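Undergrad: Sharing a structure, written as structure tokens. Questions coming.
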Amino acid sequence: MRMSKMFSRTLREAPSTADSKGYELLLRAGFVRQMGAGIFSLLPLGYRTTTKIENIIREEMDEIGGQEILMPVVNPADIWKETGRYYSIDKEMCRFSDRANRDMVLAMTHEEDATAIARNEIGSYKKLPQLIYQIQTKWRDDARPRAGLIRVREFTMKDSYSFDRNIEGLNEQYKNHYASYFRIFSKAGLPVIVVGADSGMMGGKISHEYMYLSPIGEDTIITCDKCGYTANRQVAVFQKEYFKEEEKSLEKIKTPNCKTIEELCTLLNIEKRQTAKAVFMVGTYIDDKTGEEEEKLIIATIRGDFDVEENKLQKACKANSLRPAHEDEIKAAKMVPGYGSAINCDPKTIIIVDDSVKKSNNLVAGANEEEYHLLNTNYGRDYKGIVADIASAKDGYTCQCGHKLKENRGIEVGNIFQLGTKYSESMNCFFTDEDGKNKPVIMGSYGIGVGRFLACLAEEYNDEQGLSLPISVAPYQVHLISLIKDKELSEKIYNDLTNKGIDVLYDDRKESPGVKFTDADLIGIPIRITLGNRSVKEGKAEVKFRNNLSENFLFNLDSITEEIQKSIDNLKSELTKKIIHKELSL
RNA sequence: CGGAUAGUAGCGCAGAGGCUAGCGCACUUGCUUCGGGAGCAAGAUGUCGGAGGUUCAAGUCCUCUCUAUCCGACCA
Numbered sequence: 015m016r017m018s019k020m021f022s023r024t025l026r027e028a029p030s031t032a033d034s035k036g037y038e039l040l041l042r043a044g045f046v047r048q049m050g051a052g053i054f055s056l057l058p059l060g061y062r063t064t065t066k067i068e069n070i071i072r073e074e075m076d077e078i079g080g081q082e083i084l085m086p087v088v089n090p091a092d093i094w095k096e097t098g099r100y101y102s103i104d105k106e107m108c109r110f111s112d113r114a115n116r117d118m119v120l121a122m123t124h125e126e127d128a129t130a131i132a133r134n135e136i137g138s139y140k141k142l143p144q145l146i147y148q149i150q151t152k153w154r155d156d157a158r159p160r161a162g163l164i165r166v167r168e169f170t171m172k173d174s175y176s177f178d179r180n181i182e183g184l185n186e187q188y189k190n191h192y193a194s195y196f197r198i199f200s201k202a203g204l205p206v207i208v209v210g211a212d213s214g215m216m217g218g219k220i221s222h223e224y225m226y227l228s229p230i231g232e233d234t235i236i237t238c239d240k241c242g243y244t245a246n247r248q249v250a251v252f253q254k255e256y257f258k259e260e261e262k263s264l265e266k267i268k269t270p271n272c273k274t275i276e277e278l279c280t281l282l283n284i285e286k287r288q289t290a291k292a293v294f295m296v297g298t299y300i301d302d303k304t305g306e307e308e309e310k311l312i313i314a315t316i317r318g319d320f321d322v323e324e325n326k327l328q329k330a331c332k333a334n335s336l337r338p339a340h341e342d343e344i345k346a347a348k349m350v351p352g353y354g355s356a357i358n359c360d361p362k363t364i365i366i367v368d369d370s371v372k373k374s375n376n377l378v379a380g381a382n383e384e385e386y387h388l389l390n391t392n393y394g395r396d397y398k399g400i401v402a403d404i405a406s407a408k409d410g411y412t413c414q415c416g417h418k419l420k421e422n423r424g425i426e427v428g429n430i431f432q433l434g435t436k437y438s439e440s441m442n443c444f445f446t447d448e449d450g451k452n453k454p455v456i457m458g459s460y461g462i463g464v465g466r467f468l469a470c471l472a473e474e475y476n477d478e479q480g481l482s483l484p485i486s487v488a489p490y491q492v493h494l495i496s497l498i499k500d501k502e503l504s505e506k507i508y509n510d511l512t513n514k515g516i517d518v519l520y521d522d523r524k525e526s527p528g529v530k531f532t533d534a535d536l537i538g539i540p541i542r543i544t545l546g547n548r549s550v551k552e553g554k555a556e557v558k559f560r561n562n563l564s565e566n567f568l569f570n571l572d573s574i575t576e577e578i579q580k581s582i583d584n585l586k587s588e589l590t591k592k593i594i595h596k597e598l599s600l
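For the first sequence, position 560 (counting from the first letter as 1) is numbered 574 according to this note's numbering, and the numbering increases by one without interruption.
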């Protein structure tokens, strides 16, 4: 590619909306442009990188037996009604009607599509296992897109769907993906860690997320250095210390101006762990078949020294969504905000109790009366409810192995889910097994966000001068800068390299050397060849590597194509050396 | 969806009632320059986000609206 003909331009100053280094450089170097909130165009450089990422993904998906397909972005709403997600997913899904007034949606993932196809193609166990995948556009109308390419509304995703006879088959496909994803990220040079995760709207039980650790990430990851435990905070577990003493009887005491745990502890001169705090939420429950919604008040009771992890709470109470309760809703259930507890509340309230409360006793809790608390409340004796772990794991808490937990921020670039039969059963995707019986196909689904992948690479590989993407994903392999008058020589080298199949970005512009160098630094092609008067006279070209700009090499012009090819191979093998192999035990 | 901020040239910004809207970079042409964002000269570029209003006069004041960004709610 000749830079004199290139579509995009580089920017000296970043648009004011760029708030992370990687995103700023993607804009400045001309990889991406923004169209709207969470909506982006890929310019030639960005698209080339994206294509390279996609091809790495294709290679690895094909390697584990994946067959590439393409499903539609526009879906008839019917299949989404079959699984109930037409009703259970809120405004994040775009709904519209076509000219004949049929309900339509924009697919935000493709479990429904994949299942709808599979139920017609797979009739027998002889057809199983299967693995299909696609690289395709998704639309998710996120309430708040942010951070450049990290959280967007329209994005490209690789999604694969596995179909199996039995759980062993699913486990194998799941393990294949687990390892395959590590190879994909390693080939592209992106360091990731895998964490145990929540399956969210996908349903199913086992799931893992691939996280790129970064302070701009929106997920919190809890890790233990000693035993290797890693999990998204949404599901992370930790060791709680319990305190049990001889049971004492309830006692009502006056506690004016004690609406918070801190105030209460100060007044009574006790520790937070000696209290039970109440968190009021309203859960929405949606009927999968009819779409009817019902709201229920939920009181989460947790020991005062812990915080409620909303995600865990939502699971425990089996709600489709949660929101904080309004004061009047709390009062309507005979409880008092600031002085609330599950004791003597309206029986319709769903009571969720953290196991820390069950395993402790004589806790101070609200009396459901303005300015009064109760001493010595005990779960089981004074109130009952669903016991679950709903506590949020935090930095410094104790891992189950006894070591201290740490927390980090991360960006989710990939995920794998064991779906089981959720979709096959609701969508009637059955096969006839060897024993002649009809059984639901067992499914898994697996995603990689391609745009996020690019964004993470840009965060990982940059310096003050610009981007410095690994050779496997950089838009070009070689940047040829010509500073000499002898056009013929530059053209010859450009053609020789290109004819060898090397991706060359050739700066043939009538620009000053300074402009060419700064643009080269900014775009960050891994290998740079500079043709300058001094070295050319001696039959040499200067070569620099973007990941080490301070070192300068001289290559012979006669053998430059071969030398450059060797350098490319070296850079590539350095990347593959870093491949992490991790075993997954299920 | 709540709170805050901002929309003036491709990008970054100034102009805060006064008549012809500006600066830097980028862009065009010419000459010089040519190893780290060159110099000189000449030029082109704006429905001042949109609609309505106040006024002799509106980027500038008022009302509504749209859009974007950040914080939160939310989210794979």
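A virtual CB, placed ideally from N, CA and C, is assigned to each residue, including glycine. Computed from a predicted model, the values in this text were never measured in an experiment.
On a CA-only basis, which of 100, 104, 95, 91 is nearest residue 118? Give me that one, please.
TA: Walking along the first sequence from the start, residue 118 turns up at place 104. Here the closest residue by C-alpha is 91.
Undergrad: Quick check: what's the CA-CA separation for residue 71 versus residue 193?
TA: The sequence position of residue 71 within the first sequence is 57, counting from 1. The sequence position of residue 193 within the first sequence is 179, counting from 1. Going by the C-alpha atoms only, they are around 12 Å apart.
Undergrad: Cα-Cα, which of 468, 354, 25 is closest to residue 387?
TA: Mapped onto the first sequence, residue 387 falls at position 373. Residue 387 has its Cα closest to that of 354, out of 468, 354, 25.
Undergrad: Straight-line CA distance for residue 199 to residue 205?
TA: The sequence position of residue 199 within the first sequence is 185, counting from 1. The sequence position of residue 205 within the first sequence is 191, counting from 1. Residue 199 and residue 205: Cα-Cα distance of roughly 7 Å.
Undergrad: In terms of DSSP beta bridges, what is residue 153 paired with?
TA: Along the first sequence, read from residue 1 onward, the residue named residue 153 stands at position 139. Answer is 168, bridged to residue 153.
Undergrad: Taking C-beta to C-beta, are residue 141 and residue 171 nearer than 8 Å?
TA: Within the first sequence, residue 141 is the residue found at index 127, counting from 1. Within the first sequence, residue 171 is the residue found at index 157, counting from 1. Taking 8 Å as the Cβ cut-off, residue 141 and residue 171 do not qualify as a contacting pair.
Undergrad: Quick one: complete alpha helix (DSSP H) runs, 4+ long, within the segment 74-107?
TA: 91-97, 99-102
Undergrad: Between the Cα of residue 325 and those of 423, 502, 246, 228, spot the shortest distance and give me the residue it belongs to.
TA: The residue you call residue 325 lines up with position 311 of the first sequence. Nearest option by C-alpha distance: 246.
Undergrad: Alpha carbon to alpha carbon, what distance is there between residue 330 and residue 434?
TA: Stepping through the first sequence from its first residue, residue 434 is reached at position 420. Stepping through the first sequence from its first residue, residue 330 is reached at position 316. Cα to Cα, the separation comes out at about 20 Å.
Undergrad: Using the beta-carbon count (16 or more within 10 Å), is residue 223 buried or exposed?
TA: For the purposes of this step, residue 223 is taken as residue 209 along the first sequence, with counting starting at 1. Buried, because 16 or more other Cβ atoms sit within 10 Å of the Cβ of residue 223.
Undergrad: Within its chain, find whatever has a CB closer than 7 Å to the CB of residue 23; leave out the 5 residues flanking it on each side and keep chain order.
TA: Taking the first residue of the first sequence as position 1, residue 23 is located at position 9. Here the set comprises 44.
Undergrad: Rounded C-beta distance between residue 556 and residue 570? I'm assuming under 8 Å.
TA: Along the first sequence, read from residue 1 onward, the residue named residue 556 stands at position 542. Along the first sequence, read from residue 1 onward, the residue named residue 570 stands at position 556. Contact flag wrong, Cβ pair sits at about 12 Å.
Undergrad: Report yes or no: do the segment 282-299 and the segment 418-428 share at least 3 C-beta pairs separated by less than 8 Å?
TA: no
Undergrad: In whole angstroms, give me the CA-to-CA distance for residue 518 and residue 76.
TA: Here the question's residue 518 lines up with position 504 in the first sequence. Here the question's residue 76 lines up with position 62 in the first sequence. One C-alpha to the other measures close to 28 Å.
Undergrad: Taking the continuous alpha helix (DSSP H) assigned at residue 195, which residues delimit it?
TA: On the first sequence, residue 195 is found 181 positions in, with the first residue counted as 1. That run of the alpha helix (DSSP H) goes 181-201.
Undergrad: Is it the case that the Cβ atoms of residue 482 and residue 538 are separated by a distance below 8 Å?
TA: Your numbering for residue 482 matches position 468 in the first sequence. Your numbering for residue 538 matches position 524 in the first sequence. Taking 8 Å as the Cβ cut-off, residue 482 and residue 538 qualify as a contacting pair.
Undergrad: Going by C-alpha to C-alpha distance, which of 369, 267, 110 sits closest to residue 385?
TA: Residue numbering aside, residue 385 sits at position 371 when the first sequence is read from its first letter. Taking only the C-alpha atoms, the option nearest residue 385 is 267.
Undergrad: Tell whether a beta-carbon distance below 8 Å holds between residue 523 and residue 85.
TA: Taking the first residue of the first sequence as 1, we reach residue 523 at position 509. Taking the first residue of the first sequence as 1, we reach residue 85 at position 71. One thing to note: residue 523 has its Cβ no nearer than 8 Å to the Cβ of residue 85.
Undergrad: Cα separation between residue 383 and residue 349?
TA: Position 369 of the first sequence, counted from the start, is the residue given in the question as residue 383. Position 335 of the first sequence, counted from the start, is the residue given in the question as residue 349. Cα-Cα distance, rounded: 8 Å.
Undergrad: So what does DSSP say about residue 291, is it helix, strand or coil?
TA: On the first sequence, position 277 is the one that residue 291 refers to. Strand.
Undergrad: Is there contact between the segment 307-315 and the segment 335-346, where contact requires at least three CB pairs shorter than 8 Å?
TA: yes
Undergrad: Which same chain residues, not among the five before or five after residue 127, have their C-beta less than 8 Å away from its C-beta?
TA: Counting from one through the first sequence, the residue named residue 127 turns up at place 113. The residues are 85, 86, 89, 93, 121.
Undergrad: Count the other C-beta atoms from every protein chain shown that fall within 10 angstroms of the C-beta of residue 134, then say buried if there are 16 or more, exposed otherwise.
TA: The sequence position of residue 134 within the first sequence is 120, counting from 1. Under this definition residue 134 is an exposed residue.
Undergrad: For residue 238, which residues of its own chain have a beta-carbon under 7 Å away from its beta-carbon, when the five flanking residues on both sides are left out?
TA: Start at 1 with the first residue of the first sequence, and residue 238 comes out as number 224. 413, 415, 417, 419, listed in sequence order.
Undergrad: Could you tell me whether the Cβ atoms of residue 468 and residue 162 are closer together than 8 Å?
TA: As a working mapping, residue 468 is identified with position 454 in the first sequence. As a working mapping, residue 162 is identified with position 148 in the first sequence. Contact: no.
Undergrad: Would you kindly work out how many angstroms separate the C-alpha atoms of residue 488 and residue 63, rounded to a whole number?
TA: Taking the first residue of the first sequence as position 1, residue 488 is located at position 474. Taking the first residue of the first sequence as position 1, residue 63 is located at position 49. Going from the Cα of residue 488 to the Cα of residue 63 covers about 6 Å.
Undergrad: Report the rounded CA-to-CA distance for residue 189 versus residue 459, giving the unit in angstroms.
TA: Residue mapping note: residue 189 aligns to position 175 of the first sequence, counting from 1. Residue mapping note: residue 459 aligns to position 445 of the first sequence, counting from 1. Taking the straight line from one Cα to the other gives about 12 Å.
Undergrad: Using the beta-carbon count (16 or more within 10 Å), is residue 568 buried or exposed?
TA: As a first step, residue 568 is located in the first sequence; it is residue number 554 there, counting from the start. Exposed: under 16 other Cβ atoms inside 10 Å.
Undergrad: Taking residue 558 as the reference, give the member of 585, 551, 408 with the closest Cα.
TA: On the first sequence, residue 558 is found 544 positions in, with the first residue counted as 1. The shortest C-alpha separation from residue 558 is found at 585.
Undergrad: Just to confirm before moving on: does the CB-CB distance between residue 176 and residue 145 stay below 8 Å?
TA: By 1-based counting over the first sequence, the position of residue 176 is 162. By 1-based counting over the first sequence, the position of residue 145 is 131. Cβ atoms of residue 176 and residue 145: closer than 8 Å.
Undergrad: If you draw a straight line from the C-alpha of residue 148 to the C-alpha of residue 74, how long is it?
TA: Residue mapping note: residue 148 aligns to position 134 of the first sequence, counting from 1. Residue mapping note: residue 74 aligns to position 60 of the first sequence, counting from 1. Taking the straight line from one Cα to the other gives about 13 Å.
Undergrad: Distance check for residue 323 and residue 405, CA to CA, integer angstroms please.
TA: Taking the first sequence and counting its residues from 1, one reaches residue 405 at position 391. Taking the first sequence and counting its residues from 1, one reaches residue 323 at position 309. Each residue's Cα considered, the two are about 5 Å apart.
Undergrad: Quick one: Cα of residue 364 to Cα of residue 589, how far?
TA: If you number the first sequence from 1, residue 364 lands on position 350. If you number the first sequence from 1, residue 589 lands on position 575. Residue 364 and residue 589: Cα-Cα distance of roughly 53 Å.
Undergrad: Kindly indicate the opening and closing residues of the beta strand (DSSP E) around residue 233.
TA: Here residue 233 is taken as the residue at index 219 of the first sequence, counted from 1. Here the beta strand (DSSP E) through residue 233 covers 233-238.
Undergrad: Note down, one range per segment and in chain order, each alpha helix (DSSP H) of at least 4 residues found wholly within the segment 460-484.
TA: 464-474
Undergrad: Can you name the residues that DSSP bridges to residue 47?
TA: Start at 1 with the first residue of the first sequence, and residue 47 comes out as number 33. Paired residue(s): 55.
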